Amino acid sequence: MDQPPRSLSALREAERACRRCPLYRHATQAVPGEGPRRARLMLVGEQPGNDEDLAGAPFIGPAGRVLDLALEAAGLDRATIFVTNAVKHFKFVPRGKRRLHQRPNAGEIDACRVWNRAERALVKPALVVALGATALRSLTGKTLSISSMRGRTADLDGGAKLIATIHPSFLLRIRDADDKRKEQARFVADLKRARDFLG
Ligand code: SF4
């Protein structure tokens, strides 16, 4: 990138034209972040899923619904938050008519870091929440576990603070009802910490 984009619309255009890794080849479109230009809180997920890839908007599928419920339970209004992903194109393997999510690898995450850096430079959030290990890698440039970072507040380049929690899709994969309830409560508690940080 010669010059960082000066607006969110310029950034969206740049992301659409991106060829920095192979993921653009099979995805429908790049899915840019969404939210107010001056949001104080930014949530960073992993990558678009099937629904997001088709619609071009982040967190609108099953994981997005889990996120919306948790935000509501934590007293946070999604309309005030900039919601985005570490990786902008959907990575999947075809299985018949379905497209199965695949985790982006380190090279793909690192190739895409430039776009979240640009988002943070434009939005200047006070707090960034990493939803899952892919977001954490994108934001810190390091492979860190969520458990090692959970409950802590770290510094990010550019002055924002960082907290880490799970990706909401993790909750969709838990079968045991008790475990699911416990993990949901922990997720909401992490989001409440974000709300309290912002005051
Ligand atoms: S996933 Fe990111 S780095 Fe790869 S082509 Fe898409 S926008 Fe570019």
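Just so you know, we're using numbering that gives the first Met the number 0 here: the sequence shown kicks off at 0 and counts up by one. A virtual CB, placed ideally from N, CA and C, is assigned to each residue, including glycine. Just so you know, these numbers come straight off a predicted model, no measurement behind them.
message: In whole angstroms, give me the CA-to-CA distance for N49 and E118.
response: Here residue 49 is taken as the residue at index 50 of the sequence shown, counted from 1. Here residue 118 is taken as the residue at index 119 of the sequence shown, counted from 1. Each residue's alpha carbon lies about 23 Å from the other.
- prompt: With distances taken from CA atoms, which of A159, M148, G60 and A26 is nearest V92?
  reply: As a position in the sequence shown, residue 92 is number 93, starting the count at 1. Here the closest residue by C-alpha is A26.
- prompt: Run through DSSP, which three-state label would V86 get?
  reply: Looking up residue 86 in the sequence shown gives position 87. In the structure shown, V86 sits in coil (DSSP, three-state: anything other than H, G, I, E or B).
- prompt: From V65 to L171, what distance separates their C-alpha atoms?
  reply: On the sequence shown, residue 65 is found 66 positions in, with the first residue counted as 1. On the sequence shown, residue 171 is found 172 positions in, with the first residue counted as 1. Looking at the two C-alpha atoms, the distance is approximately 8 Å.
- prompt: Going by the C-beta, is R19 closer than 6 Å to any heavy atom of the ligand SF4?
  reply: The residue labelled residue 19 in the question sits at position 20 within the sequence shown. For the ligand SF4, at least one heavy atom lies less than 6 Å from the Cβ of R19.
message: With a threshold of 6 Å on Cβ separation, who are the neighbours of A72 within its own chain once the five nearest residues in sequence on each side are excluded?
response: Locating residue 72 in the sequence shown gives position 73, where the first residue counts as 1. Taken in chain order, the residues that qualify are V187.
query: Curious, which full-length beta strand (DSSP E) runs of at least 3 residues does the stretch 134 to 191 contain?
result: 160 to 164
Span separating the alpha-carbon of E33 from that of A163: Residue 33 sits at position 34 when you count from the first residue of the sequence shown. Residue 163 sits at position 164 when you count from the first residue of the sequence shown. In a straight line, the C-alpha of E33 is about 20 Å away from that of A163.
message: V128 and L42 - do their beta-carbons sit closer together than 7 Å?
response: Within the sequence shown, the letter at position 43 stands for residue 42. Within the sequence shown, the letter at position 129 stands for residue 128. In this structure, V128 lies closer than 7 Å to L42 by Cβ.
- prompt: Grouping DSSP H, G and I as helix and E and B as strand, with all else coil, what is L130?
  reply: Residue 130 sits at position 131 when you count from the first residue of the sequence shown. Note: L130 maps to strand in three-state DSSP.
task: Kindly indicate which residue of A16, A132, G140 and E45 has the alpha-carbon position closest to the one of F89.
output: Here residue 89 is taken as the residue at index 90 of the sequence shown, counted from 1. Checked all of A16, A132, G140 and E45; the closest Cα to F89 is E45.
- request: Consult DSSP for E33 and reduce its assignment to one of helix, strand or coil.
  value: Counting from one through the sequence shown, the residue named residue 33 turns up at place 34. DSSP places E33 in strand when its eight states are reduced to three.
- request: Just mark P3 as buried or exposed, buried being the case when its beta carbon has 16 or more other beta carbons within 10 Å.
  value: In the sequence shown, the residue the question calls residue 3 occupies position 4. Exposed: under 16 other Cβ atoms inside 10 Å.
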